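Each residue of the sequence shown is one higher than the one before, counting from 1225 in the numbering used here. Don't be surprised by glycine CBs; every beta carbon is placed ideally from N, CA and C. These numbers come from a predicted model, not from an experiment. Only one structure is covered here, and it is reproduced in the block below.
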Amino acid sequence: MSQTKRIVVKVGSSLLANPDLLTPRWAFIQRLLEDIALLRSEGYEVVLTSSGAVALGLNTLNVKPENAGLRDKQAAAACGMPIVLNAYKQVAHEFGFDIAQVLVTRGDLEERRRFLNTKNTVHRLLNGNVMPIVNENDTITTEEIRVGDNDRLAARIAQMIQAQHLVILTSVDGLYDKDPSEPGAKLVEELHDVSEYLSVTEGTSALGSGGMLTKMQAANMAQNAGCTTLIANGEADNPVSSVLKNQRPHTKCIANTEPASAWTAWLTDRLQMAGSLVITNEAADALAAGKRGVERADVQSIHGPYVRSDVIHIYDEEGVERARGLTNFSSEETMLLARNLDTETTKLLGYHTKATLVSRDNLVVLDERHLPWDSPAEDEMEPVTR
């Protein structure tokens, strides 16, 4: 697998859909798939993550993007998906290759078994010389359960297939050291630590749901898995290969030289927080030293709800995120265990089990390569009263 040249290409709505007419930009699709055909002929395996279904479907419903509510967007996605796939299918056929659509939800990427099922499907398509086009299933997702942007979705797919490159095509040349509309703004050509630039990444496009912030988050996820991210303007001939060959301006986010294992990358790079624990500083230091997992006596407060096998975020008493791990109990069970330290787990839960909340083997201590998540607001945390 490590010898296979794999690329994930992410295309934003602003490139795929005409912002005024809300129709497919056929010239761009032609350039993109012609370039992908070239890469395929050179031995690359390519996965495309494509936005655009909602934008292209709004026309059918006669709804403007600025007026679209959740139900409008869900219905527009249903209308737009066949438009997107038909456009890709026609052009790909012209260049002699087949495509397939893979629709996913956040749960398909966050729940381990469903993640592996999705991975198997993508690999089978690649083995059959078919290009997968992955997109979030916006027809059924709500704000609470959706990935929210295709940048991080693309990074998750790059982790999944162990891609060497993630190419994010957008409407600008890459990351700038300040707002590119400001005088003196300079393109950041190469970086290792994306956290240095998070303060200049606010804002989204008119049609898309992501901005430069989500691209930096995606780049960090890819870095952790040993994948280099290239962010570039999609309005160019050979939009992907010209960036890979360093023939035009772009931002390169260098992969970590010692990438995390597939298990560690899946465990640490989350798309949404399922829940969290605040533990004592002493317990957090013990986690960092690799001495043990999280015990029920460690817990100070809980943020839920979450269920067994969710990945939860673990903070110390100062609100610093120290680790992420696979929980052995739901938030309700965790609270019951944490509040009744002297009572056996069998009596509390009705079944025999150890009281370790997060096992050491299912826990990853965060280091400087990971972007930490802010802890939930204090009034959202439920304190443990004993």
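Going by beta-carbon coordinates alone, are Asn-1462 and Asp-1259 separated by less than 7 Å? Counting from 1 along the sequence shown, the entry for residue 1462 is found at position 238. Counting from 1 along the sequence shown, the entry for residue 1259 is found at position 35. Remark: C-beta atoms of Asn-1462 and Asp-1259 approach each other more closely than 7 Å.
Near Glu-1368, what residues of its chain come up, given a Cβ to Cβ distance below 6 Å and the 5 sequence neighbours on each side ignored? As a working note, residue 1368 is residue 144 in the sequence shown. Bear in mind that a pLDDT of 47 at Glu-1368, under 50, signals an unreliable position, so the model cannot answer this.
If we call anything under 7 Å between Cβ atoms a contact, is Glu-1544 one with Ser-1525? For the purposes of this step, residue 1544 is taken as residue 320 along the sequence shown, with counting starting at 1. For the purposes of this step, residue 1525 is taken as residue 301 along the sequence shown, with counting starting at 1. Here residue 1544 turns out to be Val, not Glu, going by the sequence shown. No, they are not a contact pair.
Taking Thr-1569 as the reference, give the member of Ala-1521, Thr-1609, Leu-1587 with the closest Cα. Residue 1569 sits at position 345 when you count from the first residue of the sequence shown. Closest option to Thr-1569, Cα to Cα, is Ala-1521.
Just tell me which of Leu-1294, Phe-1319, Val-1328 has its CA closest to the CA of Asn-1359. Taking the first residue of the sequence shown as position 1, residue 1359 is located at position 135. It is Val-1328 whose Cα lies nearest to the Cα of Asn-1359.
C-alpha distance - Val-1271 paired with Leu-1350, whole-angstrom precision: Within the sequence shown, the letter at position 47 stands for residue 1271. Within the sequence shown, the letter at position 126 stands for residue 1350. If you draw a straight line from the Cα of Val-1271 to the Cα of Leu-1350, it comes to about 8 Å.
Quick one: what does DSSP say Tyr-1421 is sitting in, helix, strand or coil? Residue 1421 sits at position 197 when you count from the first residue of the sequence shown. Three-state result, Tyr-1421: helix.
Residue of Arg-1380, Val-1391, Lys-1297 minimising C-alpha distance to Ile-1478: Taking the sequence shown and counting its residues from 1, one reaches residue 1478 at position 254. Looking at Arg-1380, Val-1391, Lys-1297, the one whose alpha-carbon comes closest to that of Ile-1478 is Val-1391.
From Leu-1565 to Ala-1498, what distance separates their C-alpha atoms? Against the sequence shown, residue 1565 aligns to sequence position 341. Against the sequence shown, residue 1498 aligns to sequence position 274. If I take the Cα positions, the gap works out to 25 Å.
Applying the 10 Å Cβ sphere with the 16-neighbour rule, what's the burial state of Lys-1476? Against the sequence shown, residue 1476 aligns to sequence position 252. Looking at its Cβ environment, which holds 16 or more other Cβ atoms inside 10 Å, Lys-1476 is buried.
So Ser-1500 packs on Ser-1599, CB below 8 Å; how close in whole Å? Numbered from its first residue, the sequence shown carries residue 1500 at position 276. Numbered from its first residue, the sequence shown carries residue 1599 at position 375. Sure, about 7 Å apart at Cβ, within 8 Å.
For Ser-1274, the three-state DSSP class (helix, strand or coil): Locating residue 1274 in the sequence shown gives position 50, counting from the first residue. Note: Ser-1274 maps to strand in three-state DSSP.
When we look at the beta-carbon of Ser-1485 and count the other beta-carbons within 10 Å, is it buried (16 or more) or exposed? For this step, residue 1485 is matched to residue 261 along the sequence shown. With a 10 Å radius around the Cβ and a threshold of 16 neighbouring Cβ atoms, Ser-1485 comes out exposed.
Expressed to the nearest angstrom, what Euclidean distance is found between the alpha-carbon atoms of Leu-1246 and Ala-1279? Position 22 of the sequence shown, counted from the start, is the residue given in the question as residue 1246. Position 55 of the sequence shown, counted from the start, is the residue given in the question as residue 1279. When rounded, the distance between both Cα atoms is 6 Å.
Restricting to Cα atoms, I'd like to know which of Leu-1415, Ser-1419, Asn-1310, Thr-1492 is closest to Leu-1454. Along the sequence shown, read from residue 1 onward, the residue named residue 1454 stands at position 230. Taking only the C-alpha atoms, the option nearest Leu-1454 is Leu-1415.
Beta-carbon spacing of Glu-1411, Pro-1473 below 7 Å: Sequence index remark: in the sequence shown, residue 1411 carries index 187 (1-based). Sequence index remark: in the sequence shown, residue 1473 carries index 249 (1-based). The residue asked about is misnamed: residue 1411 is Leu in this sequence, not Glu. A contact, by the Cβ cut-off of 7 Å.
Within 10 angstroms of its Cβ, does Asn-1344 collect 16 or more other Cβ (buried), or is it exposed? Here residue 1344 is taken as the residue at index 120 of the sequence shown, counted from 1. Exposed is the label assigned to Asn-1344, since fewer than 16 other Cβ atoms lie within 10 Å of its Cβ.
Should Val-1464 and Val-1608 be called a contact, given that it needs their Cβ atoms to be closer than 7 Å? Residue mapping note: residue 1464 aligns to position 240 of the sequence shown, counting from 1. Residue mapping note: residue 1608 aligns to position 384 of the sequence shown, counting from 1. Not a contact, by the Cβ cut-off of 7 Å.
Just to confirm, is the Cβ distance from Val-1235 to Ser-1274 under 7 Å? Here the question's residue 1235 lines up with position 11 in the sequence shown. Here the question's residue 1274 lines up with position 50 in the sequence shown. The answer is yes: Cβ separation under 7 Å.
Would you mind sorting Asn-1291 into buried or exposed? The rule is 16 or more other CB atoms within 10 Å of its CB. Locating residue 1291 in the sequence shown gives position 67, where the first residue counts as 1. Classified as exposed, Asn-1291 has fewer than 16 neighbouring CB atoms from the shown chains inside 10 Å of its CB.
Once the 5 residues before and after Phe-1553 are set aside, which same chain residues still bring their CB inside 7 Å of it? By 1-based counting over the sequence shown, the position of residue 1553 is 329. Arg-1532, Leu-1561, Leu-1581, listed in sequence order.
Hey, quick one: how far does the alpha helix (DSSP H) through Tyr-1312 stretch, first residue to last? Within the sequence shown, the letter at position 88 stands for residue 1312. For Tyr-1312, the uninterrupted alpha helix (DSSP H) segment begins and ends at 1294-1318.
Taking the alpha-carbon positions, what's the Glu-1556 to Val-1535 distance? The residue labelled residue 1556 in the question sits at position 332 within the sequence shown. The residue labelled residue 1535 in the question sits at position 311 within the sequence shown. In a straight line, the C-alpha of Glu-1556 is about 15 Å away from that of Val-1535.
Is it buried or exposed, Gly-1352, if we count other Cβ atoms within 10 angstroms and call 16 or more buried? Residue 1352 sits at position 128 when you count from the first residue of the sequence shown. Gly-1352 is exposed by the Cβ-count criterion.
Which residue comes first and which comes last in the alpha helix (DSSP H) that contains Glu-1556? Counting from one through the sequence shown, the residue named residue 1556 turns up at place 332. It spans 1555-1563 - the alpha helix (DSSP H) in which Glu-1556 sits, taken as one unbroken run.
Give me, in chain order, the residues of the same chain whose beta-carbon lies closer than 7 Å to that of Asp-1397; leave out the 5 immediate sequence neighbours on both sides. Counting from 1 along the sequence shown, the entry for residue 1397 is found at position 173. For Asp-1397, where only same-chain residues beyond five positions count, the Cβ hits under 7 Å are Leu-1411, Ala-1456, Asn-1457, Pro-1473, His-1474.
Is the distance from the Cβ of Met-1440 to the Cβ of Thr-1425 below 7 Å? Taking the sequence shown and counting its residues from 1, one reaches residue 1440 at position 216. Taking the sequence shown and counting its residues from 1, one reaches residue 1425 at position 201. For Met-1440 and Thr-1425, yes; Cβs fall inside 7 Å.
Check whether the Cβ atoms of Ala-1489 and Gln-1386 sit closer than 7 Å, and answer yes or no. For the purposes of this step, residue 1489 is taken as residue 265 along the sequence shown, with counting starting at 1. For the purposes of this step, residue 1386 is taken as residue 162 along the sequence shown, with counting starting at 1. No.
Going by the DSSP bridge assignment, what does Asp-1585 pair with across the sheet? Locating residue 1585 in the sequence shown gives position 361, counting from the first residue. Answer is none; Asp-1585 lacks a bridge partner.
Per-residue burial, Ile-1364 [other beta carbons within 10 Å of its own, 16 or more giving buried]: If you number the sequence shown from 1, residue 1364 lands on position 140. Here Ile-1364 is exposed: its Cβ has fewer than 16 other Cβ atoms, across all protein chains shown, within 10 Å.
Do Asp-1375 and Ala-1442 have their beta-carbon atoms positioned less than 7 Å apart in this structure? Counting from one through the sequence shown, the residue named residue 1442 turns up at place 218. Counting from one through the sequence shown, the residue named residue 1375 turns up at place 151. The answer is yes: Cβ separation under 7 Å.
Check Gln-1524 in the structure and name its three-state DSSP category. To locate residue 1524, count along the sequence shown from 1; it is residue 300. It is a strand residue.
Three or more C-beta pairs closer than 8 Å, one from the region 1577-1597 and one from the region 1505-1518: is that the case here? Cβ pair count under 8 Å is three or more, so yes.
Tell me, to the nearest whole angstrom, how far the beta carbon of Leu-1550 is from that of Leu-1491; I am working on the premise that it is less than 8 Å. Along the sequence shown, one-based indexing puts residue 1550 at 326. Along the sequence shown, one-based indexing puts residue 1491 at 267. That belief holds up - the Cβ atoms of Leu-1550 and Leu-1491 are roughly 7 Å apart, short of 8 Å.
With Ser-1466 as the anchor, note down where its beta strand (DSSP E) starts and where it stops. On the sequence shown, residue 1466 is found 242 positions in, with the first residue counted as 1. DSSP places Ser-1466 outside any beta strand (DSSP E); the residue lies instead in the alpha helix (DSSP H), whose first and last residues are 1465-1468.
Do Gly-1276 and Val-1326 come within 7 Å of each other at the CB atom, strictly closer than that value? Numbered from 1 along the sequence shown, position 102 holds the residue referred to as residue 1326. Numbered from 1 along the sequence shown, position 52 holds the residue referred to as residue 1276. Note that the C-beta distance between Val-1326 and Gly-1276 is not below 7 Å.
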